[in-house]
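All remarks here apply to the structure that follows.
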Amino acid sequence: MNTHPLNQRASDVDVDVAIIGAGPSGAVAAALLRKAGRSVLVLERQHFPRFSIGESLLPQSMVYLEEAGMLQAVIEAGFQYKNGAHFVWRDQSSSFDFRDKHSSGWGTTYQVERAVFDDLLIRCAAEQGAVVRFGHTVHAMQPGAAPTLDVTDEAGDAYQVRAQFVLDASGFGRVLPRLLDLETSTRMPSRAAIFTHVRDGIAPGVTDRNKICVATHPEHRDVWYWMIPLANGRSSVGCVAQASFLDCPEAEREAKLRALIRQEPTLGALIGDAPFLMPVNHIGGYSANVEWLHGPGYALLGNAGEFLDPVFSSGVTIALRSAHLAVQTLKRQFAGEAVDWRAEYDVPLRKGIDTFRAFVERWYTGELQDIIFYPHQTPQIRRMVCAVLAGYAWDESNPYVADPVRRLTALHEFCKSA
Ligand code: FAD
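So the working numbering is basically just the index in the sequence shown, starting at one, shifted up by 674.
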């Protein structure tokens, strides 16, 4: 194949692995496959840099960036340092420092403008020899032992990619779940988010910029806000609720978000009148799932497989974990081993997703909020909860990972009765 790293030409091509989408999961998978000596073609329908939501990373994600050879570039990019999460509800607050956690490993990370971050990652993958075609959209796939993709470039020219394996990293585009009819029920209610960036103008020392702030609406416990301080005096601000709660004509979204921010005392004081730097965006129906995260000749990464909810900023971490695990599995397959994708990819990946699911579900019932704001938690239990919030949702030495539903239920009963 033509190995020019940013090849834009439409032409039929044979490649070891074709990747649909150049977001974080696609970029990290591409780099890891190049390290394993495989030829890689990434097909991305947009041009980078492009806006994406999902700006608060978790420390667990750093290990995958490091392994993909991207860590130095991320450190040097000047993103906002992050070391934890700060929760507020009415007059209660609770801060978690991710460096003080049960699991070993990274305790810090970054809050990133995704346009810059995603562009950086895919360029790192291209530097390692991945071929990236921007403005190329995947329209169809024939799965099987030698899968093919039908692709069109922006001039409307169509061509085929013949691969030994396809990784779908198309995020909310969910290319293969749509094309191959893989969608299944998510068990998550239909929630939505409205969000923007503000010039926050917050004076130094007024708030801890090194932490995401998650605030619960004073009256509605299932409505919450994020404030993610970014570099250069900007913050990302959004509100998540049942879709009907945020429903309004597009022209009224700005007023709606402004009014919601003013209803929450902490964010109201911090950014009540701060100028919005872009139109207020709306995204809804983002929770999604599939029966299996693999099939003949393909595997689904990141959001293309399953997406739960944004409350614990787990999306990019799950995306990078899936890329890492899929590439490890694929390497064994390429080496001629008999690979059981269900046992070696689906089941272990979903273990951590299910940990997050237990936390997310109890966030919305209010039980996890009771746990988070309980003032007399033992340091040991706090470190276990903190490890999951830092993204270590696959570390089964943590009882809240090994058996999250039973442990959280018991802990909530204890906090309520104490
Ligand atoms: P993406 O980053 O979505 O990349 C997919 C790429 O595929 C896109 O560039 C797209 O253009 C391309 N593509 C799609 N269709 C095609 C096609 N047919 N052909 C070619 N290319 C295609 N996560 C966090 O970690 N932290 C957060 O704070 C956070 N906040 C969030 C807030 C909200 C409201 C929501 C909805 C999500 C949030 N997330 C967060 C989740 C996060 O956005 C995603 O989990 C993450 O972007 C997934 O990465 P990905 O690589 O799977 O997909």
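Just so it is clear, CB atoms sit at the ideal spot from N, CA and C, and this is done for glycine as well.
Best match in the options for proximity to residue i [C-alpha to C-alpha]
i       : options                          : result
Tyr1048 : Ala1092, Glu893, Phe919          : Ala1092
Arg836  : Ser726, Arg865, Ala692, Glu801   : Ala692
Ala1096 : Asn1072, Asp855, Ala751          : Any answer about residue 1096 is impossible in this case: the structure gives the chain only from 675 up to 1092.
Asn977  : Val825, Pro851, Leu745           : Pro851
Thr940  : Asp921, Val888, Gly779, Leu951   : Val888
Glu1087 : Phe725, Gln1054, Asp1044         : Asp1044
Gln916  : Asp765, Gly779, His956, Ile796   : His956
Gly743  : Ser730, Arg1024, Gly1065, Ala701 : Ala701
Pro723  : Gln746, Pro698, Val737, Ala704   : Pro698
Phe839  : Glu741, Ile694, Leu794           : Ile694
Arg1036 : Phe1008, Tyr1074, Trp1068        : Tyr1074
Ala877  : Tyr1066, Thr860, Gly907          : Gly907
Leu1085 : Tyr1066, Gly971, Gln1051         : Gln1051
Which of helix, strand or coil DSSP assigns to residue i
i       : result
Tyr1066 : coil
Leu967  : coil
Ile868  : strand
Trp780  : coil
Val737  : helix
Glu787  : coil
Arg836  : strand
Pro939  : helix
Ala978  : helix
Met1058 : helix
Tyr960  : coil
Arg873  : strand
Gly1026 : helix
Lys775  : coil
Asp855  : coil
Leu999  : helix
Other residues of its chain near residue i: CB distance less than 8 Å, five sequence neighbours each side excluded
i       : result
Arg708  : Val714, Ala799, Gln802, Gly803, Ala804
Pro1078 : Asp1028, Thr1029, Ala1032, Phe1033, Val1062
Buried versus exposed call for residue i [16 or more other C-beta atoms within 10 Å across all chains shown]
i       : result
Arg1006 : exposed
Thr1039 : exposed
Phe1093 : Nothing about residue 1093 can be read from this structure; the chain reaches only from 675 to 1092.
Asp765  : exposed
Gln754  : buried
Asp771  : buried
Ala1076 : exposed
Pro984  : buried
Residue i to residue j span [Cα, whole Å]
i       : j       : result
Val687  : Tyr833  : 8 Å
His810  : Asp824  : 10 Å
Ala973  : Gly847  : 15 Å
Trp900  : Pro821  : 41 Å
Arg712  : Asp792  : 22 Å
Thr1003 : Val1013 : 7 Å
Lys775  : Arg883  : 20 Å
Ala684  : Arg797  : 20 Å
Glu1018 : Arg895  : 38 Å
Lys1025 : Ser918  : 31 Å
Thr826  : Phe808  : 11 Å
Arg873  : Ala925  : 21 Å
Asp1020 : Gly830  : 36 Å
Same chain, Cβ closer than 6 Å to residue i, five either side skipped, listed in chain order
i      : result
Arg719 : Thr811
Ala997 : Ser699, Val702, Ala703, Leu975
Thr890 : Trp763, Trp898
Met952 : Thr870, His871
Ile868 : Cys913, Leu920, Arg927, Leu931, Val954, His956
Contact set for residue i: own chain, Cβ-Cβ below 7 Å, skip 5 residues either direction
i      : result
Ile902 : Glu729, Ser730, Gln785, Ile886, Ser909, Ser910
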